Every structure is written in structure tokens, then in C-alpha cells.
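Below: the structure, in C-alpha cells.
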Amino acid sequence: MDKLVDEVNNKFIAVDCIVNPDVKIRFGVKGYFTLLYVKDNKTYKFQGQRNPDLLIKFNQEDYSDAKEISDIPKFELYNENLIDKYFAVILLSLLIFVVIILCGNDCKENRKLDKIEKELQEQMKEN
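If you're matching positions, the sequence shown starts at 3 in my numbering and goes up one per residue.
Encoded structure:
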């Protein structure tokens with residue numbers, strides 16, 4: 003690693019994808035130890051033995067021949083798929099909640115009307 007630091011002008015970062023699962027998902031990491039090279043907003047995956055000479059060569063020239071994964075994926079604070087997946091459930095739950103409230107109020111009104119009707123029937127019997 004010291005040889006890499008001396009000969010390569012780029013920064014190296016290590017990410018623990020167990021602690022940072024969002025990074026794993028964002029960059030499509032499927033296995034460990036994965037080396038990605040990021041340049042000009044593109045991500046390239048290093049495939050080969052992890053020895054300093056090959057890594058230096060990859061960094062300086064061979065990355066353009068490597069498999070380009072994609073543009074750097076955007077980081078999103080929320081997961082659109084999760085929202086899309088549960089949107090119908092959330093909407094249906096809210097609808098059920100509103101119906102329950104309206105039915106509850108309707109039941110109270112029906113009880114009041116039943117009471118008034120009963121009182122009127124008693125008054126009519128008395129007359």
C-alpha cells in the first residue's frame with residue numbers, strides 16, 4: 003500500500019459496506035474485496051490480482067479498458083421504490099381511517115335520531 007500512496011496521485015478510501023449498506027447498494031457492490039476507480043463522474047471496476055504494480059497500471063492507464071459500471075449513482079435521501087411500493091398501502095390506510103371516523107360520527111347521529119324518534123313515538127302514544 004505504501005508503494006501505491008507514493009506512485010499514485012489519487013485518494014484511496016475504504017468503505018465498510020456492512021456499516022454503510024447504502025454505499026453498497028449505490029455502487030452495486032456484490033462481493034468483498036471490491037475495488038472501484040472513479041474518474042470524470044464514471045465508475046470503473048478493477049478486476050485482477052490485488053498487487054501494487056497492477057493497481058498502479060490500472061490507475062494510470064488501464065481503467066479505460068476496464069468494465070465501466072456507470073455514471074456515479076446519485077445519492078438519494080429517500081428510497082423511491084420503497085415509497086412507490088407502500089404508497090397504495092398508506093393511501094388505503096388513510097382512506098380506511100377517514101371512513102371509520104365518518105362512520106363513527108354517523109353512528110352518533112343515528113343514535114341521536116333514534117332517540118328523537120323514540121321520544122316522538124312516545125308523545126304520539128300519549129296524545
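Backbone N, C-alpha and C fix where the C-beta goes; we use that ideal spot for every residue, glycine too.
Remember, it's a predicted structure, so these values are computed and weren't measured experimentally.
For residue i, the first and last residue of its enclosing alpha helix (DSSP H)
i, result
"K47", "Run containing K47: none in the alpha helix (DSSP H); it sits in the beta strand (DSSP E), K44 to K47."
"N61", "P54 to Q62"
Range of the contiguous beta strand (DSSP E) that encloses residue i
i, result
"K32", "Taken as a continuous stretch (DSSP letters only), K32 belongs to no beta strand (DSSP E), as it is neither H nor E."
Identity of the residues DSSP links to residue i by a beta bridge
i, result
"K41", "K44"
Residue i versus residue j - alpha carbon distance
i, j, result
"F99", "E128", "44 Å"
"L37", "V21", "17 Å"
"V91", "T45", "37 Å"
"C109", "Y88", "31 Å"
"D55", "K32", "25 Å"
"M126", "L115", "16 Å"
"L57", "Q51", "8 Å"
"Y39", "V101", "55 Å"
"C105", "L97", "12 Å"
Any non-hydrogen atom of the ligand ADP closer than 6 Å to residue i Cβ
i, result
"V100", "Inclusion of the ligand ADP in the displayed structure is not the case, the ligand content being empty and no account of it being possible."
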